[in-house]
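A short write-up of the structure that comes next.
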Amino acid sequence: MMRMAFTSATLIALLTPAFAEDGCDKFAWPLAREQVQFAATDKPVVKVGETLAAIPKAAFVLQLQPGAEAVFVIPPERKPKAERWFGGAIRLPAVDKPGIYQVTLSEEAWLDIVQDGRYARTVGHTGRGDCPGLRKSVRLDLTAAPLVLQVSGVTADRIFVTVGPRE
Numbered sequence: 009m010m011r012m013a014f015t016s017a018t019l020i021a022l023l024t025p026a027f028a029e030d031g032c033d034k035f036a037w038p039l040a041r042e043q044v045q046f047a048a049t050d051k052p053v054v055k056v057g058e059t060l061a062a063i064p065k066a067a068f069v070l071q072l073q074p075g076a077e078a079v080f081v082i083p084p085e086r087k088p089k090a091e092r093w094f095g096g097a098i099r100l101p102a103v104d105k106p107g108i109y110q111v112t113l114s115e116e117a118w119l120d121i122v123q124d125g126r127y128a129r130t131v132g133h134t135g136r137g138d139c140p141g142l143r144k145s146v147r148l149d150l151t152a153a154p155l156v157l158q159v160s161g162v163t164a165d166r167i168f169v170t171v172g173p174r175e
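For the sequence shown, this note's numbering gives the first residue as 9, with consecutive numbering after it.
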């Protein structure tokens, strides 16, 4: 445990100068933790359509489907900008405690969180086009109900994602 804390602290310290140089320090809230998680080489892969037993504690790779094949529980709130895009949805259990959570994405994408058959309430978002490997973070007010994470409009067939309580 102590070794993992040291490794995380070391990675954050090493990445912080690069993080600041590329505009990565200009998000509306700190995302250094997410940047470190996205840089990890051992991220689990989750395929759209899966139902997870637990919300991942760290970043994961979301393997997407071509837009024409992507399945959503309700249509994305925004139509994709690109003609050729990827997307899909995964099901997650309810959060441990209702409140404000954030979902962070590595690439340009549209994100919807669905709970009880409707879009979860967004309470904030931040995004930058000049931070390599870190594109957007959205804060949502989540209830104690299972949720569906939907991603659309991605130009690649995978995206890195983190889900967790706001810091």
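Ideal Cβ placement from N, Cα and C applies to all residues, glycine included.
Element boundaries [beta strand (DSSP E), containing residue i]
i           : result
residue 86  : Counting along the chain, residue 86 falls outside any beta strand (DSSP E), and DSSP gives it neither H nor E.
residue 156 : 155-162
residue 96  : 94-100
residue 170 : 166-173
residue 112 : 107-113
residue 60  : Careful: residue 60 lies outside any beta strand (DSSP E) and carries neither H nor E.
residue 53  : 53-55
residue 146 : 144-150
residue 69  : 68-71
Contact belief for residue i with residue j at Cβ below 8 Å, rounded distance in angstroms
i           : j           : result
residue 170 : residue 116 : Contact flag wrong, Cβ pair sits at about 16 Å.
residue 45  : residue 62  : About 16 Å; that fails the 8 Å criterion.
residue 68  : residue 88  : About 22 Å; that fails the 8 Å criterion.
residue 59  : residue 99  : 4 Å
residue 54  : residue 39  : At roughly 21 Å, the Cβ-Cβ gap does not stay under 8 Å, so residue 54 and residue 39 are not in contact.
Contact check, residue i vs residue j, beta carbons under 8 Å
i           : j           : result
residue 95  : residue 159 : yes
residue 106 : residue 152 : yes
residue 32  : residue 142 : yes
residue 77  : residue 127 : no
residue 156 : residue 97  : yes
residue 122 : residue 81  : yes
residue 119 : residue 131 : no
residue 161 : residue 90  : yes
residue 129 : residue 148 : yes
residue 174 : residue 109 : yes
First through last residue of the alpha helix (DSSP H) which encompasses residue i
i          : result
residue 46 : 40-47
Opposing strand residues paired with residue i [DSSP bridges]
i           : result
residue 138 : Looking at the DSSP assignment, residue 138 forms no beta bridge with any residue, so it has no partner.
residue 122 : 127, 156
residue 132 : 147
Are there three or more Cβ pairs, one per stretch, closer than 8 Å when the stretch 64-75 is compared with the stretch 32-41?
-> no
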